[in-house]
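**Student:** The structure under discussion is supplied below as structure tokens; questions concerning it will follow.
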Amino acid sequence: MSSAVGLFVAALLCFCSSAFGQTGVDGQRGVLVFCDDPSVQKAVTSALHEFNSKLTVGQKLALFEIRVAKKTEDGSDSMYYLEFTSRRSDCPAGGSKNWTDCDYLPTGSAAISCNSTVHMNEKETVTKEVYCNVDGYISSEKATCLGCPVEIEGNSEDLKVPLLASVSKFNSISNSTHLFTLNRVSHATRQVVAGFRYKLRFDMKKTTCAKAEHKDLNDLCVPDEDNMFANCNATVDMAPWRLEQPGVLLAQCENRALPLVRHLLWFQKPSLISKHKPCSRPKHF
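Reading the sequence shown from the start, the letters are residues -21 to -1, 1 to 264 in mature numbering (1 follows the signal peptide of the UniProt record, and there is no 0).
Laid out in structure tokens, this is it:
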């Protein structure tokens, strides 16, 4: 894995992809819209409700990320073309519980790609079509210990948002005159507790960006030659499908780098996603 330093900025829980089923959202008419637009969220909710209503075996799916959203308009009618990912929940197919009240299963956590077309106007929201690639995911798999912490691979997509939130939290409370960016991660676990709880151990390096001039990390923030470090333990609670901001608790922060050990988890340069742009292919974390 690469040892490139990660650049972080405040980000939404929506990432873009060029793939959308066999044809792709990029091939659809319409304009890109914000992933956090209430109408987009309403359309995705409708699509997942429709898909889950047709399931007869396995587990209901719960929303994980909205990746791409396009919209066309015809008077008061709108058509949404969506790509999103979901995960299996702890709610069985055919049950009365709404997927928004379910939790992710602690195992079988690979994201499932979905796409849908949803018609919407002032009176109704109708899912015209929805497809989720559940082949190989619906099974009778059981966790060896439900609710127990599970170690996460260093290149896991799941760590992007909790790490981003942790570094952002450190920068907001530290007494440093400059922003710090992620350097490396030594340990990470995930636990299912009415959402996901991440336990992280990581260190950061001082950048050239002064807080007086930069509110958040950006492309201009490169590691400073002074080699000033800080490390922290972090607990991050997340429930992405409830559209809540991650809750971050930092502890045991020290003004030094973590010791180099074997099996250290390195992270590639992450993706930059602006709150002020529609969904588009990310460039940095």
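Beta carbons are placed, not taken as given, at the ideal position from N, Cα and C, and that holds for glycine.
(1) Does DSSP put A191 in a helix, a strand or coil?
(2) Out of curiosity, what's the CA-to-CA distance linking A213 and R235?
(3) Please report the distance separating the alpha-carbon of L11 from that of F175.
(4) What does DSSP give as the partner residue(s) for M99 in the beta ladder?
(5) Relative to the C-alpha of F159, which candidate in D195, R169, E130, V171 has its C-alpha closest?
(6) Identify, in the order they occur along the chain, each residue of the same chain with its Cβ nearer than 7 Å to the Cβ of K107, setting aside the five sequence neighbours on each side.
(7) For Q170, list the residues DSSP reports as bridge partners.
(8) Using only the alpha-carbon positions, how far apart do Y60 and Y110 sit?
(9) Given this structure, state the Cα-to-Cα distance separating Q157 from C200, to the nearest angstrom.
(10) Could you give the C-beta distance for F43 and A90, rounded to a whole number, given that I count them as a contact under 8 Å?
(11) In whole angstroms, what is the alpha-carbon distance linking K139 and L179?
(12) Buried or exposed for P71, please, with buried defined as at least 16 other CB atoms from any protein chain shown within 10 angstroms of its CB.
(13) Can you tell me the Cα-Cα spacing of W78 and A26, whole angstroms?
(14) Could you compute how far the alpha carbon of R46 sits from the alpha carbon of D216?
(15) Comparing alpha-carbon positions, which option in N162, A144, P219, A48 lies nearest A173?
(16) Is it buried or exposed for Q38, if we count other Cβ within 10 angstroms and need 16 for buried?
(17) Once the 5 residues before and after R169 are set aside, which same chain residues still bring their CB inside 6 Å of it?
(18) What does a CB cutoff of less than 7 Å around S119 pick up in its chain, not counting 5 residues either side in sequence?
(19) Starting from A26, trace the alpha helix (DSSP H) in both directions and tell me its first and last residue.
(20) Classify V105 as buried or exposed, calling it buried when 16 or more other Cβ atoms lie within 10 Å of its own Cβ.
(21) Starting from the C-beta of P141, find all residues in its chain whose C-beta is less than 7 Å away, skip the five residues before and the five after it, and write them out in chain order.
(22) Just list the residues that DSSP pairs N197 with in beta bridges.
(23) Would you call the CB atoms of R163 and L229 closer than 8 Å?
(24) Keeping to the same chain, check which residues put their C-beta closer than 8 Å to that of Q20; ignore five residues upstream and five downstream.
(25) Determine the direct distance from the alpha carbon of V36 to that of N150, and round the result to whole angstroms.
(26) Name the residue from V113, D137, N154, G74 whose alpha carbon lies nearest to the alpha carbon of S32.
(27) Where does W78 sit, in a helix, a strand or coil, going by DSSP?
(28) Taking DSSP as the reference, what is the three-state secondary structure of E204?
**Tutor:** Taking the coordinates as given:
(1) Within the sequence shown, numbered from 1, the residue matching residue 191 stands at position 212. A191: coil per DSSP, three-state reduction.
(2) What you label residue 213 is simply residue 234 of the sequence shown in a count that begins at 1. What you label residue 235 is simply residue 256 of the sequence shown in a count that begins at 1. Going by the C-alpha atoms only, they are around 16 Å apart.
(3) In the sequence shown, the residue the question calls residue 11 occupies position 32. In the sequence shown, the residue the question calls residue 175 occupies position 196. Spanning the two alpha carbons is a distance of roughly 30 Å.
(4) As a working note, residue 99 is residue 120 in the sequence shown. Partner(s): S57, T104.
(5) On the sequence shown, position 180 is the one that residue 159 refers to. Out of D195, R169, E130, V171, D195 has the C-alpha closest to the C-alpha of F159.
(6) Locating residue 107 in the sequence shown gives position 128, counting from the first residue. T96, V97, H98, listed in sequence order.
(7) As a working note, residue 170 is residue 191 in the sequence shown. DSSP output for Q170 lists R176 as bridge partner(s).
(8) For the purposes of this step, residue 60 is taken as residue 81 along the sequence shown, with counting starting at 1. For the purposes of this step, residue 110 is taken as residue 131 along the sequence shown, with counting starting at 1. Cα to Cα, Y60 sits roughly 12 Å from Y110.
(9) Taking the first residue of the sequence shown as 1, we reach residue 157 at position 178. Taking the first residue of the sequence shown as 1, we reach residue 200 at position 221. It is His, not Gln, that sits at residue 157 in the sequence shown. Straight through space, the alpha carbons of C200 and H157 are spaced by roughly 10 Å.
(10) For the purposes of this step, residue 43 is identified with residue 64 of the sequence shown, where counting begins at 1. For the purposes of this step, residue 90 is identified with residue 111 of the sequence shown, where counting begins at 1. Going by Cβ atoms, the distance from F43 to A90 rounds to 5 Å, so yes, they are a contact pair.
(11) Here residue 139 refers to the residue found at position 160 of the sequence shown. Here residue 179 refers to the residue found at position 200 of the sequence shown. Roughly 12 Å separates the two Cα atoms.
(12) Residue mapping note: residue 71 aligns to position 92 of the sequence shown, counting from 1. Result: exposed.
(13) Sequence index remark: in the sequence shown, residue 78 carries index 99 (1-based). Sequence index remark: in the sequence shown, residue 26 carries index 47 (1-based). Taking the straight line joining both Cα atoms gives about 12 Å.
(14) Along the sequence shown, one-based indexing puts residue 46 at 67. Along the sequence shown, one-based indexing puts residue 216 at 237. Using only the alpha carbons, I get a separation of about 21 Å.
(15) What you label residue 173 is simply residue 194 of the sequence shown in a count that begins at 1. Among N162, A144, P219, A48, the Cα nearest to that of A173 belongs to P219.
(16) Here residue 38 is taken as the residue at index 59 of the sequence shown, counted from 1. Per the 10 Å Cβ criterion, buried.
(17) Locating residue 169 in the sequence shown gives position 190, counting from the first residue. Only V129, I131, F175, Y177 meet the Cβ criterion.
(18) What you label residue 119 is simply residue 140 of the sequence shown in a count that begins at 1. Reliability fails at S119, whose pLDDT of 34 lies under 50, so the model's placement of it is uncertain and the value that follows must be treated cautiously. Once the five neighbours on either side are set aside, S119 has no close Cβ partner at all.
(19) Position 47 of the sequence shown, counted from the first residue, corresponds to residue 26. Following the DSSP letters along the chain, one finds A26 inside the alpha helix (DSSP H) bounded by residues 17 to 33.
(20) Indexing the sequence shown from 1 puts residue 105 at position 126. Exposed: under 16 other Cβ atoms inside 10 Å.
(21) The residue given as residue 141 occupies position 162 in the sequence shown. Counting only Cβ-Cβ distances below 7 Å, and skipping sequence neighbours, we find Y177, L179, V215, M217, P225.
(22) On the sequence shown, position 218 is the one that residue 197 refers to. In DSSP, N197 forms no bridge with anything.
(23) As a position in the sequence shown, residue 163 is number 184, starting the count at 1. As a position in the sequence shown, residue 229 is number 250, starting the count at 1. Cβ distance not < 8 Å, so R163 and L229 don't count as in contact.
(24) Numbered from 1 along the sequence shown, position 41 holds the residue referred to as residue 20. Result list for Q20: I45, L222, in chain order.
(25) Counting from 1 along the sequence shown, the entry for residue 150 is found at position 171. Counting from 1 along the sequence shown, the entry for residue 36 is found at position 57. Their Cα atoms are separated by approximately 46 Å.
(26) Here the question's residue 32 lines up with position 53 in the sequence shown. Of the listed residues, the one whose Cα sits closest to S32 is G74.
(27) By 1-based counting over the sequence shown, the position of residue 78 is 99. Correct three-state label for W78: helix.
(28) Counted from its first residue, the sequence shown places residue 204 at position 225. Residue state, collapsed to three classes: coil.
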